[in-house]
Structure formats: structure tokens, C-alpha cells
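All remarks here apply to the structure that follows.
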Amino acid sequence: MKKVFVKSYGCQMNVYDAERMADVLAPQGYVETADAEDADLVILNTCHIREKAAEKVFSELGRVRKLKDERAADGRETTVVVAGCVAQAEGGEIVRRAPVVDLVVGPQSYHRLPELLAKARETRGVVDTEFPVEDKFDHLPRPSRDKIRSRGVSAFLTVQEGCDKFCTFCVVPYTRGAEVSRPAAKILSEAEELAAAGVRELTVIGQNVNAYHGEGPDGRDWSLGRLLRRLAEVPGVARIRYTTSHPRDMDEELVAAHRDLGALMPYLHLPVQSGSDRILAAMNRRHSGDDYRRIIERVRAARPDIALSSDFIVGFPGESDADFAETMRLVREMRFASAFSFKYSARPGTPAAEMDGQVPEEVKAARLAELQQQLEVDRQAFNRAMVGRTVEVLFERAGRHAGQMVGKSPYLQAVHVEADDIAIGDLAPVEIVEAAPNSLHGRKKGHEGAAAPNAGRASAA
Ligand code: 5AD
Ligand code: SF4
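So that you can map any letter, position 260 of the sequence shown is 398 in my numbering, and since no number is skipped, the others follow by simple counting.
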């Protein structure tokens with residue numbers, strides 16, 4: 139029995155890809171291990187989105203080299219693979235810079251892992267960063283029911299890859315290539331298999347997921363809204379989410395899906411990046427701050443209980459204090475439930491990296507701190523406002539102490555509940571009794587006697 143250790147960086151698509159790589163290797167006799175020292179095959183599934191993420195790979199490879207040497211001293215061989223977006227962007231350069239690497243494989247060719255590994259056994263430093271004509275999904279084996287079950291009740295499902303938007307800061311159109319949508323029938327059959335194995339929540343993913351326009355079973359192009367409607371009918375699927383989206387692709391069918399589908403969670407991650415029209419134009423976002431406000435109004439009209447999340451970049455080239463103030467104004471208006479925010483990182487090969495007016499590091503840091511402080515205030519306010527509300531919780535795992543279960547609210551908050559009659563995969567109404575900084579405590583409805591540990595204190599407050 140050979141063991142494979144996969145470490146993923148970056149986005150949810152990498153988490154999905156890492157699982158599929160393990161699926162490709164399972165018929166080759168590989169079982170997954172969480173312990174790199176134990177692994178005959180180490181795969182780093184990398185992210186290229188910001189410089190820090192990309193550089194992490196090389197420090198990790200330093201550690202992997204030591205490990206490989208130690209194992210070699212014991213007579214054990216270790217094969218090292220770099221996959222993901224750094225693999226795609228840097229290709230052969232990785233093998234030159236890090237001789238420990240046996241194989242470099244891009245995000246569109248990992249279905250070829252078995253043959254590539256065979257090749258790498260003969261000559262070290264094999265590189266495959268092609269965008270092959272064949273669809274990798276047609277060549278990926280389906281995981282067994284037990285495997286699916288072991289991965290939990292919430293699963294990712296890739297429906298779309300790549301991006302044609304070319305925001306001027308972003309490497310995605312280069313590392314993941316042009317937008318490609320999978321045919322709806324294939325997505326539906328994957329969803330059915332996941333649900334049949336016990337998955338209750340599907341997160342439909344794509345680099346630009348709401349630009350989805352795959353072939354429907356009727357031969358016509360289906361939008362994401364249409365696809366979600368059909369996914370909501372898959373027996374066993376109780377919850378649907380999708381990520382990550384572009385404001386320009388929030389079409390009527392998708393907004394209507396938020397109005398009509400109970401299974402579609404009232405939570406929307408819609409990156410805005412900046413509140414300044416000047417910066418949005420320089421980013422090639424092709425929408426204004428007010429366009430974003432109008433989109434959110436439409437979504438809120440369709441689904442009044444929707445919570446919002448977003449991504450922000452501060453210190454984009456040319457961003458002035460006044461531009462940044464526009465971002466802060468938008469944030470204060472929107473009251474995001476959650477958000478990710480980053481300092482602009484110049485990425486080789488992207489237009490923004492060549493722009494005048496690069497912002498000094500200390501200015502970026504100060505703006506990021508100010509923005510994050512506001513976002514944190516809003517996040518805490520959102521969490522506190524949950525107290526007293528009753529929401530459906532999907533239970534995902536046992537808690538730290540006996541009788542405690544942990545699940546997710548519709549808004550992706552972790553909810554801790556004391557109850558001994560809840561199983562993993564159950565959905566139950568829970569009254570939220572306390573909001574801690576990073577989780578909520580609740581009481582299962584119909585369970586009023588069994589209070590959460592701090593329930594008394596919270597209700598007295
Ligand atoms: N610098 C900083 N942040 C970036 N992102 C994408 N490219 C860059 C970059 N060059 C952020 C965006 C995007 C998220 C996934 O990462 O906010 O939405
Ligand atoms: Fe990158 Fe998203 Fe813009 Fe595409 S839409 S270029 S993935 S930030």
C-alpha cells in the first residue's frame with residue numbers, strides 16, 4: 139500500500155481538485171495520509187493569486203526536501219509533485235529552482251497523474267502544464283460512497299473553470315485559462331452520486347461561477363440560475379451555495395433563484411474589490427460602485443434575509459486617500475456579514491503590475507488595517523444579531539466535549555449545540571443563545587431543557 143499526502147493552498151477549487159487527485163490515485167493503490175512523513179508521494183496543490191501564496195510553495199519545498207532526504211536515509215523513496223496554479227504559471231522554472239520536485243502538473247492535466255508519475259520515475263523533472271483538448275472530468279474516476287462519506291456532509295462541486303474577465307490585477311485568466319462550463323447533465327449526475335452517499339449541502343464552485351453557461355439536457359445553454367433550480371430537485375440535497383461570483387453576471391434568473399429556492403442559502407459572496415469608480419475602471423471590473431449597490435438592492439428585494447460577503451483589494455496602483463474613502467463608504471453602507479481583504483500584490487504578467495502609481499507598502503498596510511477593523515465590527519454585529527433567532531443548522535461533526543455537536547448556520551457560522559439526539563448530516567432548528575467571536579451557541583428547538591454551557595449568561599445579558 140502506497141501513501142499520498144496532498145497539501146492544498148488557496149481557494150475552494152484547489153480543495154476540490156486535491157480530492158479528485160486522490161480519486162485518480164486510489165485505483166493505483168494509493169491511500170491518503172494526513173502525515174507527510176509517512177507519504178511515498180507528496181503533492182503540493184498550489185495557489186498563485188498573491189505573491190505570498192506563491193512564495194509559500196518554495197519554503198514548503200525546503201521542508202519537503204529534508205523529509206525526502208531523511209526517508210532516503212531509511213531506504214524509502216519519496217516522489218514530490220507540484221500541482222495547481224503555481225505549477226501552471228511557473229512550469230519548468232519550479233524544477234530548476236527546486237530540484238527536489240519530480241513532477242509539475244497544471245490544474246487541467248491532473249487526470250494524467252498515473253502516466254505522468256510513471257514518466258517521472260524514469261526522468262526527474264517532468265512538466266505538464268498543457269490545456270489538453272480532452273475534458274479532465276471525463277477521465278476522473280468517481281470516488282466510492284465510503285470515500286464521499288468520509289469527506290463529510292458538505293461537498294464542493296465544480297461546474298465552471300477559468301475566467302474571461304481579465305481584471306487587471308488577477309492571474310486567474312492565465313493560470314486557469316478561458317471560461318469553460320461543464321454540461322449540466324454531468325454536474326447533475328455528480329450531484330446525485332454525492333447526495334446518494336449522504337451529502338446534504340452542495341457548494342457549486344467556479345472561478346466565475348455565475349458566468350456559468352453550460353449545455354443543458356435540452357441542448358440549450360443553461361445559466362447558473364437554471365442549474366441551481368434543477369440541483370435543488372436532487373433528492374437528499376438540502377442546501378445549495380455557490381461561489382465565487384462577478385457582479386456583472388448577477389442575471390435575473392439567478393436573482394429569481396434566490397427568491398424561489400428554499401435550498402439556496404441566503405448568503406451571497408459577491409466580490410466588489412473597491413468602492414471607487416476610478417479604481418474599479420482601472421481594475422477593468424466594468425461596473426461602478428452604484429452598479430454594485432443596485433445589484434445588492436435587487437438581491438435583497440428577492441431575498442430579504444440575505445447576508446453578504448465580499449473581497450477587497452487595498453492599495454491598487456493609483457489608489458488615493460479619496461479612492462480608499464469610497465471603499466470605506468461602501469463598506470459602511472453594505473454592512474457585510476463577512477469579508478476577505480488583501481493588500482494589492484503585483485503579479486507578473488498582469489497589466490496592473492506595470493501601472494504607474496504603485497502604492498507604498500506602509501500605505502497599503504494602514505488602509506488594510508482600517509478596512510479590516512470596520513469589517514470586523516460589522517461581522518461581530520451580524521453575529522450578535524443572530525442571538526434570539528432560530529435558524530436551521532446542518533450538523534457536520536462532533537464537538538470537543540461529549541454530547542456537543544457542531545454545525546453550520548445558513549450564513550456559514552459555526553454553531554455549537556448540546557444534544558445527544560443529533561447525528562452528523564441532520565438539519566435541525568436551533569435557537570441561537572450566544573455569539574462568541576468565532577462561533578455561535580444554540581439550543582435545539584424542542585430541547586429547551588438542554589441549554590448550551592453559557593446559555594444562562596447570554597440570556598441574562
Ligand atoms: N493582489 C491582491 N489580491 C488579489 N486578489 C486577486 N488578485 C489579487 C492581487 N493581485 C484577491 C481578489 C479576489 C480574491 C480571490 O483575491 O480580491 O477576489
Ligand atoms: Fe480574477 Fe475574478 Fe477578475 Fe476573473 S473575475 S479576473 S477570477 S478577480
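The beta carbon of each residue, even a glycine, is placed where N, CA and C say it ideally should be.
On a predicted model such as this, the values are computed, not experimentally measured, just so you know.
query	result
For residue 86 and residue 266, what's the separation of their Cα atoms in angstroms?	The chain is shown only over 139 to 599; residue 86 falls outside these bounds and no answer can be derived.
With DSSP as the reference, identify every bridge partner of residue 222, one or two as the case may be.	184
For residue 457, tell me which candidate among 177, 383 and 502 has the shortest Cα-Cα distance.	502
What residues are listed by DSSP as bridge partners for residue 378?	340 and 402
Between which two residues does the beta strand (DSSP E) harbouring residue 235 extend?	Looking at the DSSP string, residue 235 is not in any beta strand (DSSP E); the run it does join, the alpha helix (DSSP H), is 230 to 235.
Looking only at C-alpha atoms, which of 247, 468 and 417 sits nearest to residue 432?	468
For the stretch 472 to 526, which segments carrying the beta strand (DSSP E) assignment without a break, of at least 3 residues, lie completely within its bounds, in sequence order?	476 to 481
I want to check one thing, is the minimum distance from the CB of residue 573 to the heavy atoms of the ligand 5AD below 8 Å?	no
Which one or two residues does DSSP pair with residue 451 in a beta bridge?	480
Assuming residue 193 is part of the alpha helix (DSSP H), what are its boundary residues?	189 to 211
For the pair the stretch 212 to 221 and the stretch 169 to 181, tell me if three or more CB-CB distances fall below 8 Å.	yes
So is residue 244 buried or exposed if we call it buried at 16+ other beta carbons inside 10 Å?	buried
Starting from the Cα of residue 379, find the closest Cα among 372, 343 and 411 and give me that residue.	343
At a cut-off of 8 Å, would you count residue 449 as near the ligand 5AD, judging by its Cβ distance to the nearest heavy atom?	yes
Could you tell me whether any non-hydrogen atom of the ligand 5AD is closer than 8 Å to the CB of residue 194?	no
Which residues does DSSP pair with residue 572 in a beta bridge?	579
Under three-state DSSP, which class holds residue 333?	helix
Looking at the ligand 5AD, does it come within less than 8 Å of residue 187, judged from the CB to the closest heavy atom?	yes
Pairing CB atoms from the stretch 222 to 242 with CB atoms from the stretch 183 to 194, are three or more of them under 8 Å?	yes
Does the distance from the C-beta atom of residue 336 to that of residue 545 stay below 9 Å?	no
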